[in-house]
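A short worksheet on the structure shown next.
2 protein chains.
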Amino acid sequence: MSELRPADNGFLRQLRALLPEAAFQADPAAFLTEPRGRWQGRGHVVSPATTQEVSVLLRACFDAQVPVVPYGGGTGLVGGQIAEDITPVILSLHRMAQVRAVFAEENVIEVDAGIILADVQAVAEAADRLFPLSLASEGSARIGGLLATNAGGLNVIRYGNARAQCLGLEVVLADGTIWNGMSRLRKDNTGYDLRDLMIGSEGTLGVITGASLRLMPRPGDEATALFVVTDPAAAVRLLARAGEQIGEAVTAFELIHRQGLAFLAEAGIAHHAPFARPPEWMVLIKVGLSAGQSAQAALEQLFEGALDLVSDGVIAQSQQQAQDLWAIRELIPEANRKIGSISSHDISLPISAIPDFIAKAPCEIGKIGPFRINCFGHLGDGNLHYNVFPPQGSSRDTYLAEREAVKTTVHDLVHSFGGSVSAEHGIGRLKVADLECYGDPAKLTMMRAIKTALDPRGILNPGAVLRHHGDHG
Amino acid sequence: MSELRPADNGFLRQLRALLPEAAFQADPAAFLTEPRGRWQGRGHVVSPATTQEVSVLLRACFDAQVPVVPYGGGTGLVGGQIAEDITPVILSLHRMAQVRAVFAEENVIEVDAGIILADVQAVAEAADRLFPLSLASEGSARIGGLLATNAGGLNVIRYGNARAQCLGLEVVLADGTIWNGMSRLRKDNTGYDLRDLMIGSEGTLGVITGASLRLMPRPGDEATALFVVTDPAAAVRLLARAGEQIGEAVTAFELIHRQGLAFLAEAGIAHHAPFARPPEWMVLIKVGLSAGQSAQAALEQLFEGALDLVSDGVIAQSQQQAQDLWAIRELIPEANRKIGSISSHDISLPISAIPDFIAKAPCEIGKIGPFRINCFGHLGDGNLHYNVFPPQGSSRDTYLAEREAVKTTVHDLVHSFGGSVSAEHGIGRLKVADLECYGDPAKLTMMRAIKTALDPRGILNPGAVLRHHGDHG
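In order, the protein sequence lines correspond to chains A and B. If you count the first sequence from 1, position 232 lands on 232 in UniProt numbering, and the numbers rise without skipping. If you count the second sequence from 1, position 13 lands on 13 in UniProt numbering, and the numbers rise without skipping.
Written as structure tokens, this is what we have:
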């Protein structure tokens, strides 16, 4: 890859001659920060209205060797949407936000990449279908970004991550070529799986402009329970038993630790305490069956057959009770933000290694300092959010010097168990060094070869996922 | 890619110095034909016993620029396992057929790539789990080949194709580098999705030596029904309704045409006729629910609510009855072979386009000749096996001259509906020209760039999927 050139005024004048004025109206300020406020980016926002305009824009950037940062809803947590070193074109898809077609009978919806996730969910619901991807930022995250980062969320145990929801893609390549892969097919073995290569490549191999998405039947009867488990090993066994008894109808299986409830109290966040005395480990389970079956009965049966693993439990008897239970899980991240973590980790582990990891990690972290740990998350996917906090009464700022040691300790341990240091958030710019450190060398060699093959001038999101050739970090 | 060299005696002497004698014991004859008897291949069989030996072998081939054809069970139907033009090393995985580990609690099994599918199914069953991949050749097809071709089969509507069953891979690359991607993780967003790139690449990007596979809960209660539908449009509507009522528990949804029953009779294949007068269109449905629920009741309910679509039906009242119904579906390919098709097509279509396709295709084919059509297959996946036969009393040999016209007519029509000319069999060597003809040009350009990036000397299965650089076909 050769040297990139910044998007300077001369280049912008060139773009204005190629694209309608409407593509240059966005307020740049909104595109230069990210949710955690860690980075301050730079760049000029261009927002095309059609795939053809995206193609024209990329062709111009390719010819001039100007970097392009594809931009969805801006909700990424690893800096994939923020360039700091060189002034890029920020290619926002927000003006491409239409539903292209709904095929309810075949469970397919075709959309522009700039459509917001909540809007896809709503269109699916109007067609009596479910678009199962669901996560905290669903009100602002856009499909293109969700696919580019292979987003996860709450329902992955049942429905898979963003990758599993996608049947086809339309992608504009580095040189402006449009790949029309907007397939509605369930089976198509004609050549390499470029769809899945693009999904999760974080805008470094192409710009997703459209997607053909899979819809699912809506479960007719849902129920939620919060079970007290004796320890994480019991939680893992309960997960296996839930699968044996309830099959694929387990929609969510979330681990909650007492620390999460304590943080809710400490942060003054109102919630319904589910138990008089907060137990140490809980799992929040959601089951969705088809109409005419009883999800509540399935949870009761699970409870009754699991008295060796479960010491107490609440099965929601109403929609309101279910919402109250879910509120606990959904408010924990807010409590975490208010307490202020020293270091947060989005990790995954082989599911049967989770009890060992949860036993060992606090010992290792305890050697660095007297920290508090809030360990919670998507146990059903082996995905934990493992966050480390200062002791009560101290501020995170006191321990900034320990952040790197904490992070390395957690990541080393995860790696030793065969886990991943980025389960659902991606690499972005934050974890490039982690990928280099923990990634299989053959994998990194292949990734670099593919990057060079598909983006020979290195203009697509340079510095994300892989270090840019010119970088010395 | 530069010129390849055949695996001559000098090169074989070199290999014998590098690998144990046991790697050179296989009878080559078994590796030089394929199920349909269309090709007669060439090559020298080498069968390593370890990943390390595969690496040594590939390194030697890379250095000498000798082609390698990776070989699983040899059951592929598109010639992916057969080289005709140059003498390659046939790299058979049959001596690497061990189960490496079973993690029943986390629903994972790790295996060598040479293990036979039926053996994986048996190990899963012994652990009270299901490995859902199931197809006619499961007694001889090997996991490495099934993944390399992204095999489909009967249960795809519920469980997905081979791709969906795989969590991680171990792959030896063209130059002998071993990529250890044997992950047991459900979520891992650290870099490009090389796993799915390897899956379906038909041995042209790397040699799969190991796989980490996902197991599923075993359904506790299963039931099968054969419903008579008024026409293909009713079948598609019934499929949607089955999803709405029964959710993801629909395990199979197969279309059968009267011609299939007629062929069973014509070929003298014994079976239980399900209806006194064979109806024109039928769907065979299998439902699997968890224990304690009634799959039979679910099918009865589906039938009762679908009297606008369904005119008659049999719901199996016993295991034996269910087997009899399934035998009809499973014997049809045998009947087809006995009758002898002029041209067979493994196609997929957007599901809602299927009625139109089924209406139009016979008109187009009728212009070529007075042929009989047996259209059946995995309607739930939009995947039809669309086979064209001579008129009764004539032999296929009479119509060999029409084969190409029939094939082109079917494929052109499939393509015009946004369908695929290879739903589950892959490209191999048989459909290279089809991929060039119907594939999106940007897709082909990307595929070639990736091939060159990962296999710069073009030694891996040359001529499969993509034309080899030196080929002029």
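No residue lacks a Cβ here, since even glycine has one placed at the ideal position from N, Cα and C.
Whole-angstrom Cβ separation of residue i and residue j, contact assumed at under 8 angstroms?
i, j, result
"residue 78 of chain B", "residue 451 of chain B", "No, residue 78 of chain B and residue 451 of chain B are not in contact; Cβ-Cβ is about 18 angstroms, not under 8 angstroms."
"residue 335 of chain A", "residue 325 of chain A", "Not a contact, Cβ separation roughly 16 angstroms."
"residue 83 of chain B", "residue 67 of chain B", "7 angstroms"
"residue 329 of chain A", "residue 256 of chain A", "6 angstroms"
"residue 174 of chain A", "residue 58 of chain A", "7 angstroms"
"residue 386 of chain A", "residue 410 of chain A", "6 angstroms"
"residue 163 of chain A", "residue 155 of chain A", "With a Cβ gap of about 14 angstroms, residue 163 of chain A and residue 155 of chain A do not count as contacting."
"residue 442 of chain A", "residue 179 of chain B", "4 angstroms"
"residue 128 of chain A", "residue 218 of chain A", "6 angstroms"
How far does the beta strand (DSSP E) with residue i in it extend, from its first residue to its last?
i, result
"residue 221 of chain B", "221-229"
"residue 109 of chain B", "108-112"
"residue 213 of chain B", "207-214"
"residue 427 of chain A", "Segment: none, residue 427 of chain A is in no beta strand (DSSP E) and carries neither H nor E."
Identify the residues that DSSP records as bridge partners of residue i: which are they?
i, result
"residue 456 of chain B", "BP columns for residue 456 of chain B are empty, so no partner."
"residue 257 of chain B", "B:281"
"residue 252 of chain A", "A:286"
"residue 96 of chain B", "Per DSSP, none; premise fails for residue 96 of chain B."
"residue 78 of chain A", "Paired residues: none, contrary to the question."
"residue 348 of chain A", "A:383, A:420"
"residue 377 of chain B", "B:255, B:384"
"residue 312 of chain A", "A:228"
"residue 101 of chain A", "A:110"
Please compile the residues from chain A whose C-beta is within a distance smaller than 8 angstroms of the C-beta of residue i.
i, result
"residue 329 of chain B", "Simply none; closest approach about 17 angstroms."
"residue 449 of chain B", "453, 454"
"residue 149 of chain B", "189"
"residue 315 of chain B", "None at all; the shortest Cβ gap to chain A is about 17 angstroms."
Closest to residue i by C-alpha separation, out of the options, would be which residue?
i, options, result
"residue 76 of chain A", "A:143, A:21, A:368", "A:143"
"residue 170 of chain A", "A:300, A:231, A:100", "A:100"
"residue 418 of chain B", "B:362, B:370, B:461, B:350", "B:350"
"residue 362 of chain A", "A:396, A:196, A:374", "A:374"
"residue 208 of chain A", "A:139, A:196, A:216, A:9", "A:196"
"residue 327 of chain B", "B:269, B:356, B:296", "B:269"
"residue 115 of chain A", "A:283, A:426, A:98, A:136", "A:98"
"residue 168 of chain B", "B:381, B:162, B:184", "B:184"
"residue 202 of chain A", "A:444, A:241, A:439, A:429", "A:429"
"residue 5 of chain A", "A:379, A:213, A:62", "A:62"
"residue 214 of chain B", "B:286, B:241, B:123", "B:123"
"residue 89 of chain A", "A:45, A:50, A:55, A:73", "A:45"
"residue 390 of chain A", "A:366, A:105, A:140, A:412", "A:366"
"residue 252 of chain A", "A:414, A:12, A:133", "A:133"
"residue 50 of chain A", "A:87, A:14, A:95", "A:95"
"residue 72 of chain B", "B:129, B:139, B:53, B:38", "B:139"
"residue 313 of chain A", "A:290, A:19, A:235", "A:235"
"residue 222 of chain A", "A:405, A:264, A:464, A:289", "A:289"
At a CB-CB cut-off below 8 angstroms, which residues of chain B make contact with residue i?
i, result
"residue 421 of chain A", "190"
"residue 383 of chain A", "186, 187"
"residue 361 of chain A", "Within 8 angstroms Cβ-Cβ: nothing; residue 361 of chain A doesn't reach chain B, min ~17 angstroms."
On the DSSP letters alone, give me the boundaries of the alpha helix (DSSP H) that residue i sits inside.
i, result
"residue 434 of chain A", "432-438"
"residue 326 of chain A", "319-339"
"residue 394 of chain A", "Per DSSP, residue 394 of chain A belongs to no alpha helix (DSSP H) and is neither H nor E."
"residue 59 of chain B", "51-64"
"residue 9 of chain A", "9-18"
"residue 120 of chain A", "117-126"
"residue 356 of chain A", "354-366"
"residue 156 of chain A", "156-159"
"residue 167 of chain B", "Segment 166-172 is the beta strand (DSSP E) holding residue 167 of chain B; no alpha helix (DSSP H) there."
Strictly below 7 angstroms CB to CB, what residues from chain A border residue i?
i, result
"residue 152 of chain B", "187"
"residue 442 of chain B", "173, 177, 178, 179"
"residue 425 of chain B", "189"
Name the chain B residues that come within less than 9 angstroms of residue i, Cβ to Cβ?
i, result
"residue 235 of chain A", "Simply none; closest approach about 11 angstroms."
"residue 486 of chain A", "Residue 486 of chain A lies beyond the residue range present for chain A, which begins at 1 and ends at 473; the question has no answer from this structure."
Starting from the beta carbon of residue i, find every residue of chain B whose beta carbon is closer than 7 angstroms, and list them in chain order.
i, result
"residue 193 of chain A", "196, 197, 199, 200"
"residue 435 of chain A", "190, 191"
"residue 293 of chain A", "293"
"residue 246 of chain A", "290"
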